[in-house]
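Anchor point for the sequence shown: position 26 equals 36 in our numbering, and the numbering is continuous, going up by one each time. First the structure, in the form of structure tokens, and then the observations on it.
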Amino acid sequence: MPSRELQAALDAAQAAAGIIRDLYRRNLEVRTKADASPVTEADVRAEEAIRSILSERFPSYGFYGEETGRSAMDADNVWLVDPIDGTKSFVRECPFFSTQIALLREGRLVLGVSCAPAYGELAWAEEGAGAFLDGRPIRVSDVAALDQAIVSTGNLRTLTRSARWQRFGELIQQVSRIRGYGDFVHYHLLARGSLDVVIESDVNVLDIAALTVIVREAGGVFTDLDGRDVGLDTTSVLAANSALHSRVLELLRA
């Protein structure tokens, strides 16, 4: 049985999914926020629906939303929400977008829901209870050799400007395949064992908080590119199965 918190997050994600499905491919007006990212009616309405459900069931919890901002961030429990992670894909009618809901408890991510209504997947996890995709338990791969590993990347702009870019190129030469599935997609694939490593830069914690819990509960390791745990200030990702994470981290640091 899911906890009350997990059930609330699942219910909120499904409410958002209904709104998003109704507005998808409707040629909505796109506004540009101060950070130059796009926002649509679907983003705002979906977050309002999520916030309403979570706030009603857990009124003492803090909330950090992509569209409606922050409140009670000093609370022991804080919801982290991105109603449409991948708004650019949503606008371009590409199904690689999702709703991300996570729970941060005393600084540690303990719950995550990743709902992709157009793509047709729903993943969730709660600390100590495993990870699930569409109701079935999932597990990362046991691939341990780099020359057998599949690596997926996304948001590499900052990486191209750093000393790691050459190291990343050297890593690519050693792996079996390199892909760029991006957004939630490669994390779902990692958590269910269909690929082995995800590398990203230029991320926001709201993009990855829920996915951190899902990958971790599926047996993977999820850190930033310096090997640090994910926190509110995280801007990069190295996520992998437990057999490969330390090896890839070492290569990117070398």
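Using N, Cα and C, we set each Cβ at its ideal position, and we do this for glycine too.
Rank the options by C-alpha distance to the C-alpha of residue i and give the top, closest one.
i	options	result
residue 45	76, 102 and 15	76
residue 281	181, 254, 195 and 228	The first residue shown for the chain is 11 and the last is 264, placing residue 281 beyond what the model contains.
residue 239	222, 257, 201 and 147	222
residue 130	198, 64 and 179	198
residue 219	86, 236 and 136	136
residue 217	83, 13, 161 and 106	106
residue 244	255, 253 and 232	232
residue 267	246, 49, 18 and 256	Nothing in the structure corresponds to residue 267, since the chain is present only between 11 and 264.
residue 139	43, 227, 22 and 21	227
residue 190	160, 68 and 174	160
residue 229	187, 90 and 141	141
residue 110	21, 200 and 203	21
residue 108	149, 127 and 87	127
residue 37	14, 98, 215 and 177	98
Pull up the distance between the alpha-carbon of residue i and that of residue j, whole angstroms please.
i	j	result
residue 185	residue 261	12 Å
residue 55	residue 29	7 Å
residue 27	residue 251	30 Å
residue 133	residue 145	8 Å
residue 52	residue 62	15 Å
residue 121	residue 147	15 Å
residue 241	residue 17	24 Å
residue 39	residue 100	12 Å
residue 205	residue 193	14 Å
residue 117	residue 64	19 Å
residue 104	residue 152	31 Å
residue 213	residue 35	26 Å
residue 93	residue 123	11 Å
residue 256	residue 236	11 Å
residue 168	residue 25	35 Å
residue 259	residue 248	8 Å
residue 90	residue 31	22 Å
residue 42	residue 188	32 Å
The beta strand (DSSP E) that contains residue i, what's its start and end?
i	result
residue 219	Not the beta strand (DSSP E): residue 219 falls in the alpha helix (DSSP H), residues 215-227.
residue 141	141-143
residue 46	First-last for residue 46: undefined, no H or E at that position.
residue 208	207-211
residue 231	230-233
residue 246	246-251
residue 161	160-164
residue 79	79-81
Taking the alpha helix (DSSP H) that residue i belongs to, which residues open and close that run?
i	result
residue 33	14-33
residue 97	97-101
residue 257	255-263
residue 129	No alpha helix (DSSP H) contains residue 129, which DSSP labels as neither H nor E.
Mind checking who residue i pairs with in its DSSP beta bridge?
i	result
residue 115	87 and 118
residue 135	122 and 141
residue 70	DSSP, once it has assigned bridges, lists no residue as partnering residue 70.
residue 237	According to DSSP, which records beta bridges pairwise, residue 237 is partnered with nothing at all.
(message) I'd like to know if the stretch 176-183 and the stretch 77-85 are in contact, where contact means that at least 3 CB-CB pairs between them fall below 8 Å.
(response) no
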